[in-house]
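**Student:**
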Amino acid sequence: MSLKRGPGPNQEQILRHLRRSNAVAQRAIALGHHPFGALLVAPDNETVLLEQCNIDTVNHAESTLARVAATNYTAEYLWQCTLYTAVEPCCMCAGTAYWANIGRVVFGMYESQLLEATGSHEENPTMSVSSKYVFEHCQKPVELIGPVPEIIEETRAMQQAFWSTR
Numbered sequence: 011m012s013l014k015r016g017p018g019p020n021q022e023q024i025l026r027h028l029r030r031s032n033a034v035a036q037r038a039i040a041l042g043h044h045p046f047g048a049l050l051v052a053p054d055n056e057t058v059l060l061e062q063c064n065i066d067t068v069n070h071a072e073s074t075l076a077r078v079a080a081t082n083y084t085a086e087y088l089w090q091c092t093l094y095t096a097v098e099p100c101c102m103c104a105g106t107a108y109w110a111n112i113g114r115v116v117f118g119m120y121e122s123q124l125l126e127a128t129g130s131h132e133e134n135p136t137m138s139v140s141s142k143y144v145f146e147h148c149q150k151p152v153e154l155i156g157p158v159p160e161i162i163e164e165t166r167a168m169q170q171a172f173w174s175t176r
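Just so you know, we're using our numbering here: the sequence shown kicks off at 11 and counts up by one.
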């Protein structure tokens with residue numbers, strides 16, 4: 011398999027897709043789930059192929075999206091795609107993106123920033139294992155972009171609003 015990726019997204023595309031992932035997270039809230047959302051964007055950095063809300067503690071938005079993507083697209087194609095999520099993928103989600111062969115991951119704020127914003131909530135026991143650490147220990151070079159300062163405050167505000175009512 012060839013590990014070729016096209017050009018990465020520009021800043022406008024990054025912000026637009028991260029904001030859309032937050033809109034998907036708002037949909038998750040409306041469905042009674044935790045506020046996380048993910049998108050899979052095609053190699054053209056424009057076309058949204060998949061959107062996924064968080065489902066539960068073992069079916070996060072990112073890992074569920076990665077599993078669905080792996081059953082619908084070839085590994086070669088996914089290597090050229092980008093997964094977007096406003097909060098850094100946990101180690102489970104980073105690993106699933108890797109095994110699905112998604113070649114680029116973009117996130118808005120660190121998982122540690124989520125913990126700072128929401129506290130140690132029993133429904134969201136974050137892990138102190140960064141996606142960077144996970145990807146640094148992979149055999150294929152997944153590109154990681156984040157955090158994105160322009161998206162942090164709006165993501166933090168949504169997360170704080172949700173978790174403060176739980």
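All C-beta atoms in this analysis are idealised placements derived from N, C-alpha and C, irrespective of residue type, glycine included.
(1) Do T165 and G118 have their CB atoms nearer than 7 angstroms?
(2) Measure the C-alpha to C-alpha separation of A104 and R29 and round it to an integer number of angstroms.
(3) The beta strand (DSSP E) that contains F117, what's its start and end?
(4) With distances taken Cα to Cα, identify the nearest neighbour of F46 among K14, R15, Y87, A71.
(5) On the CB-based measure, 16 or more other CB atoms within 10 Å of its CB, does E126 come out buried or exposed?
(6) Residue ranges of each beta strand (DSSP E) run of no fewer than 3 residues wholly in the region 68-130, ordered along the chain?
(7) Below 7 angstroms between beta carbons: does that hold for L88 and A96?
(8) Report, in whole angstroms, the separation of the C-beta atoms of C148 and Y83, which I expect to be a contact under 8 angstroms.
(9) With DSSP as the reference, identify every bridge partner of Q23, one or two as the case may be.
(10) By alpha-carbon positions, which one of M137, E133, F145, I112 ends up nearest to T175?
(11) Quick check: L50 and L93, are their CB atoms within less than 7 angstroms of each other?
(12) So, with DSSP's three-state summary, where would you put I65?
**Tutor:** Checking against the coordinates, here is how it stands:
(1) Position 155 of the sequence shown, counted from the first residue, corresponds to residue 165. Position 108 of the sequence shown, counted from the first residue, corresponds to residue 118. For T165 and G118, yes; Cβs fall inside 7 angstroms.
(2) The count along the sequence shown starts at 1 and reaches residue 104 at position 94. The count along the sequence shown starts at 1 and reaches residue 29 at position 19. A direct Cα-to-Cα measurement between A104 and R29 gives close to 20 angstroms.
(3) Looking up residue 117 in the sequence shown gives position 107. In the DSSP assignment, F117 falls within the unbroken beta strand (DSSP E) covering 114-119.
(4) Taking the first residue of the sequence shown as 1, we reach residue 46 at position 36. Of the candidates K14, R15, Y87, A71, the one whose C-alpha sits nearest the C-alpha of F46 is A71.
(5) For the purposes of this step, residue 126 is identified with residue 116 of the sequence shown, where counting begins at 1. The C-beta of E126 has fewer than 16 other C-beta atoms within 10 Å across all chains shown, which makes the residue exposed.
(6) The beta strand (DSSP E) runs of length 3 or more contained entirely in the region 68-130 are, from start to end of the chain, 92-97, 114-119.
(7) Position 78 of the sequence shown holds residue 88. Position 86 of the sequence shown holds residue 96. At least 7 angstroms separates the beta-carbon of L88 from that of A96.
(8) Residue mapping note: residue 148 aligns to position 138 of the sequence shown, counting from 1. Residue mapping note: residue 83 aligns to position 73 of the sequence shown, counting from 1. Between C148 and Y83, the beta carbon gap of about 19 angstroms keeps them out of contact (Cβ cut-off 8 angstroms).
(9) Indexing the sequence shown from 1 puts residue 23 at position 13. The partner list for Q23 (beta bridge, DSSP) is empty, contrary to what the question assumes.
(10) The residue you call residue 175 lines up with position 165 of the sequence shown. Answer by Cα proximity: E133.
(11) Locating residue 50 in the sequence shown gives position 40, counting from the first residue. Locating residue 93 in the sequence shown gives position 83, counting from the first residue. Closer than 7 angstroms, so yes.
(12) For the purposes of this step, residue 65 is taken as the residue at position 55 of the sequence shown. In this structure, I65 counts as coil in the three-state DSSP scheme.
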